[in-house]
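One structure is given here, and the rest of the page talks about it.
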Amino acid sequence: MDQRRLTPLTLWALAFGCCIGWGSFMMPGMTFLPNAGTAGTSTAIILGALVMILMAYNYHFVMQRISAAGGVFTFTRELFGADHAFFCAWFLWIAYVSLLWANATAVTLMGRNLFGGVLQVGFHYEFAGYDVYGGEVLVTILLLWIFGVLFARASSLAKVLVKVAAVGLFVGVVFLFVSAVNASPVGLNFYFVDDEPKWIQILMIVALIPWAFIGFETISQYTNEFKENSRRAFALMVAAIICAAVVYILMTCLATLRFPDQFRSSITYIKSLDNLTGLWRVPTFFVVTETFGSSGLWILCAVISSALITS
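With the working numbering applied, the sequence shown corresponds to residues 8 to 318, in that order.
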């Protein structure tokens, strides 16, 4: 996209969208809650967000002094030379590839929940206990190609799409959470787990924060946009980090608002996820479906699709 025409809203959408992906809807039940509960996770995310804001200030500091676009790779090359930049490029590549596969295959996972086995055609094999079908692989590759061409060739349409998707993502998450809280028979619960000291639980989630917020620095790749007013860049990064933290916290809390009837509490439900299948295995999907029915599942999938578009 042409950075000379990027508005503050577009840049915020890029930074916020890159922070939120498939993991923000899966990790609450599978990682956050089993290790720290809602209070522990929320505390860790807030602490992590503060650290990310400190990092954003460091980015802002360098952006004021190096006007060339390109983000941390350019900064590393200018400050430390080509050798350090080479290693930086490899680490960046590893970081983003580690996220790409999850977001790319999320579409087919949603397709299974919405349309059953429509895409489960063609060749079939099993990898790490997961069934892989030719039809799903083809759809994943096709979607990657479509969005790659869109962002490379149709920049005006891409900018509008990113802004709409980012705003829709944030508004959708807030709507689902508020509606689920109002309809919940149990309310917020499951504050900490009993297995570890509270500070250990918080630190376990803090350790994941760099992964959870990767992408907020996207704005630094468009340094030329802020050549005359770099303060705006820092404000936009902070706004993106805060919005991402809100999404992670709300999705974590939402996952405890309901649980299947055969379980006594959200705690016993979360601890039994490995023995469950289907929507019950993903608390965010279960809570939304139980609260809103099939229409809620469609809304959640639309919100997740917005996250995938922006990431």
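Here a beta-carbon is modelled for each residue, glycine too, at the ideal position from N, C-alpha and C. These numbers were taken from a predicted model, which means no experiment stands behind them.
In the structure shown, the three-state DSSP call for D202 is coil.
Residue pairing by DSSP places F134 opposite Y137 in a beta bridge.
At a Cβ-Cβ threshold of 9 Å, V114 and L315 count as neighbours. Counting of Cβ neighbours within 10 angstroms places W29 among the buried residues, the total reaching 16 or more. Shown here for K278: same chain residues with a beta carbon closer than 8 Å to its own, the five before and five after excluded, namely P41 in chain order. Residue range 301 to 317 is occupied by the alpha helix (DSSP H) that includes I316. Our two residues, I52 and A246, have alpha carbons roughly 15 Å apart in a direct line. Pairing C25 with G222 gives a Cβ-Cβ distance under 9 Å. Where P217 is concerned, the enclosing alpha helix (DSSP H) starts and stops at 216 to 219. Pairing L157 with A165, the inter-Cα distance amounts to about 6 Å. Assigned with DSSP and collapsed to three states, I274 falls in helix. In this structure, the straight-line span from the alpha carbon of K205 to that of A46 is close to 9 Å. Counting along the chain, I52 sits inside the alpha helix (DSSP H) bounded by residues 40 to 70. Collapsing the DSSP output to three states places R160 in a helix. If you check the CB distance, V193 and F266 come in under 9 Å.
Contact check for F177 against C260 fails: the beta carbons are separated by 9 Å or more. In this chain, the alpha helix (DSSP H) harbouring W19 covers 15 to 26.
Taking a C-beta distance under 9 Å as the contact criterion, L195 and T263 qualify as a contact pair.
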